[in-house]
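If you're matching them up, the sequences are chains A and B in order.
Taking this note's numbering, I'd label the letters of the first sequence as residues 262 to 636.
Taking this note's numbering, I'd label the letters of the second sequence as residues 7 to 291.
Glycine included, every Cβ here is placed at the ideal spot set by N, Cα and C.
Data first, discussion second: the structure below is written as structure tokens.
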Amino acid sequence: MTAQLTLQGVDKFYGPIGKGVHAVRDINMDIEKGEIIALLGSSGCGKTSTLRMVAGFEETSRGKILIAGREVQNLPPVRRNVAMAFEGYSLYPTVTVRENIAFALKAQRESDAQVDAKVNEVAEMLEITAILDKFPASISGGQQQRASLARALVRDADLYLLDEPMGQLEPQLRTLLRGRIKYYIKERGLTAILVTHDQTEANAMADRIAVMEGGVLQQFASPDEIKLAPANLFTGTFVGEPPMNVFSARAAEVSGDIQFRLDAGVELTYSADQFAPDLRAALLSRGEVVMGVRPYAVRRAKDKGGAAAQVVANQWLGDQTHIAAAFAGSTVVLVEHDRADIAMGDTISVELKPEDLHFFDPASGAAISHGTQMA
Amino acid sequence: MESTSLIERILRGIAITVVILFFMFPIFWIFLMSLQTNETILRVPPSMVFEPSLQNYRALITGQLETQTGTLEIRFMGNLFNSFFLSTTSVAIGLLLGVPAAYAFARLKFRGSEDIAFTLLSFRFAPPLLVLLPLTIYFQQIGLANTYGGLIWVYQLIVLPLILWIVRGYFEDIPADVEYAYRIAGHDFWATFRKIALPLAGPGIAAAGLLAFIFAWNNFIFALVLASADKQPVTVGALAFITASGIQYGQIAAGIILSIAPTFALALYAQRYLVEGLSLGAVKG
Ligand SMILES: Nc1ncnc2c1ncn2[C@@H]1O[C@H](COP(=O)(O)OP(=O)(O)OP(=O)(O)O)[C@@H](O)[C@H]1O
Ligand SMILES: [Mg+2]
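This is how it looks when you write it as structure tokens:
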């Protein structure tokens with residue numbers, strides 16, 4: 262089966278190849294028909310650049326782009342059959358929202374009744390029926406954004422590129438639309454790439470998440486996999502809220518056990534059989550590693566088993582508690598589901614279970630292990 | 007809402023009146039002159055009291071200039087027609103060539119595009135007299151001297167850079183993504199130019215066209231050198247009023263009134279466009 266979108270060694274330089282801004286670096290990716298992909302990454306990491314190359318607004322500096330098996334990197338946008346919702350909305354100012362949405366359908370020579378029916382359907386889904394006959398300049402940012410999204414979704418395209426399509430909306434509406442849009446896309450078997458800064462949105466909508474940083478694709482995997490087995494330190498710390506705790510550690514064998522020496526004299530000792538033999542060997546042979554643990558996996562030890570940490574903050578967020586504590590020369594954050602009866606300055610004992618630990622190579626950032634198994 | 011005090015408004019009114027008087031008085035005076043005979047015009051001291059007559063206009067329109075030494079044939083209406091024809095055609099051609107070129111310069115950043123655009127602009131600051139001599143010789147050699155075609159061609163030196171630079175600024179003001187959104191929806195480059203870029207830049211194009219028209223209309227030196235009597239526009243044709251038997255002030259005044267009337271009307275009508283076009287377009291980097 263051919264993928265709906267394939268990127269092969271795609272590079273983007275703004276300016277001369279090899280000299281200009283290297284915004285996208287050697288991206289390889291296969292997206293299957295019917296998949297929703299979320300593109301996640303910090304600002305300026307090359308998400309929009311990637312989408313624009315796929316759409317054909319930016320030249321592909323190097324590499325190949327295939328849509329439904331067709332090589333398109335040299336075709337003009339009109340021949341790629343791609344729909345896009347722009348980061349800056351980009352509605353045509355001289356016509357109404359309705360006409361904005363209908364533009365592409367009219368270009369495809371659909372009958373007026375058909376166009377009307379389709380426009381009304383997406384407008385209803387995105388809650389913009391009331392503003393259909395207004396002009397773009399006289400509606401709010403969030404309404405413009407939805408109009409722009411409607412203009413993309415109403416089309417019949419091979420690929421839907423949605424660049425931060427809900428960034429302007431309030432959380433309630435976002436949650437509502439998230440579900441509706443996902444249903445709309447899935448029901449029709451459409452293929453979509455969704456750029457977002459909202460991890461909840463990525464998790465809720467996407468079949469797979471592509472994490473980018475510095476123009477490089479860091480990991481391309483399902484939300485679960487990214488959470489359980491981040492490919493490198495960047496993905497580990499970027500995805501997940503609050504972010505993963507990381508500590509540099511030195512692994513050593515002490516009387517048959519494995520001991521991790523963290524900064525500030527913190528020592529964590531585990532019996533050797535808690536790690537798979539190959540992992541044990543890998544950790545011991547490296548010595549220096551980076552240890553990561555997700556906040557929700559950090560526990561306060563009931564007995565004396567844990568390591569001491571000094572509480573610096575205790576925040577109840579309405580549905581969970583975030584506790585920050587000075588630990589191993591930096592801070593450890595833990596999440597609990599109930600209010601915690603501890604105050605600043607209290608000493609707590611934190612417990613890190615071996616199955617919750619992630620290890621990374623300190624130089625390259627690549628994952629060594631997740632839990633007790635090798636990555 | 008603007009909150010201005012009464013005094014401020016009165017002062018502003020006075021200032022505007024003074025400025026209008028200052029700039030409009032010569033035109034008003036010329037208008038008065040156009041309704042008088044040479045004798046009343048040259049009275050000392052000058053007076054605003056006279057018996058208005060349309061005789062000057064009649065002379066211009068019929069082409070019979072009465073002087074002390076007899077009647078003289080003038081072709082003022084022909085000149086007026088020439089002005090119209092030359093300016094309109096030049097601007098039409100200028101728009102036809104300049105608007106797509108402006109779009110290309112605004113959207114397609116190709117190697118040397120800035121240099122080409124600047125070269126075109128530099129035509130505006132070369133003194134016309136500098137190019138006229140070689141141009142006259144070339145035109146005589148290739149048979150373009152004293153033809154409408156040749157004149158219109160030379161008028162492009164005036165019209166094209168103006169249109170190009172003003173319209174380019176307008177195209178650059180249109181967010182590229184608006185055009186991309188249209189292109190990705192199944193329209194080609196050309197359709198996007200026609201359906202999105204042209205309408206959005208419409209005011210700028212109108213302003214540039216009007217301005218170019220006024221510049222073309224006011225041109226004197228190119229037409230003086232390159233055209234003989236039957237191709238001359240009013241600016242040059244007015245010289246005919248300096249006759250052997252004296253300068254025909256009344257007719258000159260009437261001629262001026264007739265010849266500024268079209269540009270004046272145009273400017274009044276399109277004032278808003280002009281101001282926008284001049285302040286928004288070309289001045290922006
Ligand atoms: N037209 C351009 N010319 C030069 N550099 C550019 C251009 N467009 C983008 N860049 C650079 O390329 C990099 C990637 O930009 P891009 O717009 O793809 O980021 P992004 O991931 O979409 O960011 P955001 O989340 O803020 O939208 C940035 O460093 C940016 O400065
Ligand atoms: Mg972006």
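Item	Value
CB contact below 8 Å: Val315 (chain A) versus chain B	no
Environment of Ala288 (chain B) [buried if 16+ CB atoms lie within 10 Å]	With a pLDDT of 41 at Ala288 (chain B), under the threshold of 50, the predicted position of this residue should be treated as unreliable, though the coordinate-derived value follows. Buried, because 16 or more other Cβ atoms sit within 10 Å of the Cβ of Ala288 (chain B).
Rounded straight-line distance, which links the Cα of Val271 (chain A) to that of Gly104 (chain B)	38 Å
Proximity test, Ser310 (chain A) beta-carbon vs ligand 1 heavy atom, cut-off 7 Å	yes
Proximal residues to Val376 (chain A) (C-beta, below 6 Å), its chain only, five neighbours per side dropped	Ala363 and Leu366
The stretch 207 to 235 of chain B: positions lying closer than 7 Å to chain A by Cβ	none
beta-carbon Glu616 (chain A) near ligand 1 non-hydrogen atom, thresh 7 Å	no
Beta-carbon separation (whole angstroms), Leu170 (chain B) vs Leu204 (chain B), contact threshold 8 Å	Rounded, the Cβ-Cβ distance is 15 Å, inconsistent with contact.
Gln334 (chain A) versus A:Gly324, A:Asn342 and A:Val343, residue with shortest Cα-Cα distance	A:Gly324
Presumed contact (8 Å Cβ cut-off) between Ala259 (chain B) and Asn62 (chain B), rounded CB distance	7 Å
C-alpha distance - Leu618 (chain A) paired with Phe521 (chain A), whole-angstrom precision	12 Å
Cβ contact check for the stretch 589 to 599 of chain A and the stretch 470 to 486 of chain A: 3 or more pairs under 8 Å	no
As assigned by DSSP and simplified to three states, the class of Ala264 (chain A)	coil
Rounded straight-line distance, which links the Cα of Phe177 (chain B) to that of Arg113 (chain B)	8 Å
Pro338 (chain A): contacting residues in chain B (beta-carbon distance under 8 Å)	Tyr186, Arg189 and Ile190
Beta-ladder partner(s) of Arg469 (chain A), from DSSP	A:Ile298
Alpha carbon of Ser322 (chain A) to alpha carbon of Leu529 (chain A), nearest angstrom	49 Å
Rounded distance between the beta-carbons of Ser516 (chain A) and Arg561 (chain A), thought under 8 Å	Arg561 (chain A) to Ser516 (chain A), Cβ: 27 Å. No contact.
DSSP three-state assignment for Thr355 (chain A), whether helix, strand or coil	coil
Three-pair Cβ contact test at 8 Å for the stretch 291 to 300 of chain A versus the stretch 457 to 477 of chain A	yes
Residue environment, Met345 (chain A), which counts as buried when at least 16 other CB atoms sit within 10 Å	buried
Closer than 8 Å to chain A by CB, Gly287 (chain B)	Reliability fails at Gly287 (chain B), whose pLDDT of 44 lies under 50, so the model's placement of it is uncertain and the value that follows must be treated cautiously. No, Gly287 (chain B) does not count as interfacial toward chain A.
Chain A contact residues for Pro205 (chain B), given Cβ-Cβ distances below 7 Å	Thr355
Pairwise C-alpha distance: Ala411 (chain A) and Leu423 (chain A)	11 Å
8 Å contact criterion, which Met54 (chain B) and Gly69 (chain B) should meet: CB distance rounded	No, Met54 (chain B) and Gly69 (chain B) are not in contact; Cβ-Cβ is about 30 Å, not under 8 Å.
Status (buried if at least 16 other CB within 10 Å, exposed otherwise) for Pro140 (chain B)	exposed
Cα-Cα separation between Gly403 (chain A) and Val415 (chain A), rounded to whole angstroms	18 Å
Met7 (chain B), buried or exposed, once every other Cβ within 10 Å from all chains shown has been counted against 16	Legend: pLDDT at Met7 (chain B) = 48, less than 50; position of this residue unreliable, value from coordinates given subsequently. By the neighbour-count rule (16 or more Cβ atoms within 10 Å), Met7 (chain B) is not buried but exposed.
Terminal residues of the alpha helix (DSSP H) in which Asn224 (chain B) lies	Gly208 to Asn224
Met314 (chain A) versus Tyr186 (chain B): straight-line alpha-carbon distance, rounded	12 Å
Chain-ordered neighbours of Val456 (chain A) on chain B, where CB pairs are closer than 9 Å	In chain order: nothing, as chain B lies at least about 15 Å away.
Cβ-heavy atom distance, Val456 (chain A) to ligand 2, below 7 Å	yes
Cβ-heavy atom distance, Val477 (chain A) to ligand 1, below 7 Å	no
Residues near Ser59 (chain B) in its chain [Cβ-Cβ closer than 8 Å; skip 5 each side]	Leu41, Gln42 and Thr43
Backbone CA spacing between Glu72 (chain B) and Ile20 (chain B) [nearest angstrom]	44 Å
Contacts around Phe367 (chain B), its chain only, beta-carbon distance under 6 Å, and the 5 residues preceding and following it disregarded	Given a span of 7 to 291 for chain B in the structure shown, any question on residue 367 (chain B) remains unanswerable.
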